[in-house]
Amino acid sequence: MSDSPVEFGPLRHKSREYGFSPKGLALEVFEPSAELPEILVMGSIHGDESLSTVLLSECLRSIQPSELKSAVILAANPDGVLAGTRCNSRGVDLNRNFPTENWSAEPVYYRNRPGSPQNIALSPGVTAGSEAETKALISLIKTLKPSLVVSIHGFLACIDDPDASPIAENIAGRSGMELVPDVGYSTPGSFGSWCKEQNIPIITYELPSMGMTELKRIHIPIFKDLITGHYHSLLK
Ligand SMILES: [Zn+2]
């Protein structure tokens, strides 16, 4: 793999729509042109964490289409990205809307900066799996059957993998972030819980809060390795 950016202009990789958001935006996945992807890397299920989209996009634009070996979703919650909200355009935290054993109809409380009270309420959806983005993602994953999903969030600065897999250990070491078995609070109906119940290994990649230059320097090389097949030998 070349380290030099090929082109930082438009996205030139093959993509397809796997569904639509409530506002009618395409839910888009970028895929290798000639093979089935083993890893799915996804950003912005929380629309207010759209740095994940910016970093993943730059990473994707810096490689040739032939180098892409993983499936990439730049924004799992495009309505939220455009509005700058954690939730989708129906006020639902998609990361609490998955049909898991622990899904709860109780409101989801979050904080918008470290240290502030966790008192902003969002809906987990009227029922588990009620949202178009959730349904589309479930259906995509059932088709792709990835060996690993990496979901990028911000800004807890950790690598969350309940299995402490070799890939997660490697990423934690390279990024200087702690490898943790959970994020330290309960997340009923989360995408991570759903993947676990489906026996799909998942790494929740919580970016740190830092300047853009440092973020890119540290994390884009790791993202690149995730999407170009570098980690395939470490997959089970
Ligand atoms: Zn998040």
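Just so you know, we're using our numbering here: the sequence shown kicks off at 509 and counts up by one.
Just so you know, even glycine gets a beta-carbon here, dropped at the ideal spot from N, CA and C.
| query | result |
| --- | --- |
| Counting pairs of Cβ atoms below 8 Å between the segment 659 to 667 and the segment 677 to 692, do you hit three or more? | yes |
| Quick check on the DSSP output: the beta strand (DSSP E) that includes C666 runs from which residue to which? | C666 to D668 |
| How would you call N712, buried or exposed, if buried means at least 16 neighbouring beta carbons within 10 angstroms? | Strictly speaking, residue 712 in this sequence is Thr, with Asn absent from that position. Buried, by the Cβ-count rule. |
| Give the C-beta separation of V600 and S631 to the nearest angstrom, bearing in mind that I take them to be a contact with Cβ-Cβ under 8 Å. | 5 Å |
| May I have the straight-line CA-CA distance separating P540 from P625, to the nearest angstrom? | 43 Å |
| To which residues does DSSP link T712 through a beta bridge? | S659 and D668 |
| Say yes only if the C-beta of E557 is nearer than 6 Å to one or more non-hydrogen atoms of ligand 1, and no if none qualify. | yes |
| Where do the ends of the beta strand (DSSP E) carrying E536 lie? | A534 to F538 |
| Quick one: using the 10 Å Cβ neighbour count with 16 as the cut-off for buried, is H727 buried or exposed? | buried |
| Using beta-carbon positions only, say whether S597 and P530 come within less than 7 Å of one another. | yes |
| Using the Cβ count rule (16 or more neighbours within 10 Å means buried), how would you classify F538? | buried |
| Just curious, the beta strand (DSSP E) that I745 is in, first and last residue? | Absent from the structure is residue 745, since the part of the chain shown begins at 509 and ends at 744. |
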